[in-house]
Amino acid sequence: MPISPNPVENNLFVELNDSKEATIEVFNENGQLLIQKTITNSQNTINTNNLSTGIYWLKLTSNKGIITKKFIKN
Numbered sequence: 008m009p010i011s012p013n014p015v016e017n018n019l020f021v022e023l024n025d026s027k028e029a030t031i032e033v034f035n036e037n038g039q040l041l042i043q044k045t046i047t048n049s050q051n052t053i054n055t056n057n058l059s060t061g062i063y064w065l066k067l068t069s070n071k072g073i074i075t076k077k078f079i080k081n
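In structure tokens, the structure reads:
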């Protein structure tokens, strides 16, 4: 699951590989869920304008399993 750009300013792009549907969740460093979105496309955009500067975790859950990636919001 590629994500870009990292660090991100406004929009984080998430590429969904080998799955037809997945759930994306974005957590802050304290583990608080900030964004939750179901995706069904191979190319997806997560708007990060409402996130403060800092480090975040993106969790993608699909029928293929769970993938977690760290990203930085500038």
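Residue numbering for the sequence shown follows the working numbering, beginning at 8 and increasing consecutively.
Beta carbons: idealized from backbone N, C-alpha and C, even for Gly.
Predicted model only: the values in this text are computed from it and were never measured.
Would you decide whether threonine 30 is buried or exposed? Buried here means 16 or more other CB atoms lie within 10 Å of its CB.
-> It counts as exposed.
Alpha carbon to alpha carbon, what distance is there between methionine 8 and glutamine 39?
-> 22 Å
Please check the pair valine 21 and isoleucine 73, which I expect to be a contact at CB under 8 Å, by giving their CB distance rounded to whole angstroms.
-> Not a contact, Cβ separation roughly 14 Å.
Neighbourhood of methionine 71 by C-beta, 8 Å cutoff - its chain only, sequence neighbours within 5 removed = Residue 71 is actually lysine in this sequence, not methionine. The answer, listed in chain order, is Asp25 and Ser26.
What did DSSP end up calling glutamine 39 once you bin it into helix, strand or coil?
-> coil
Threonine 45 versus threonine 60 - alpha carbon distance = 24 Å
When we look at the beta-carbon of isoleucine 79 and count the other beta-carbons within 10 Å, is it buried (16 or more) or exposed?
-> exposed
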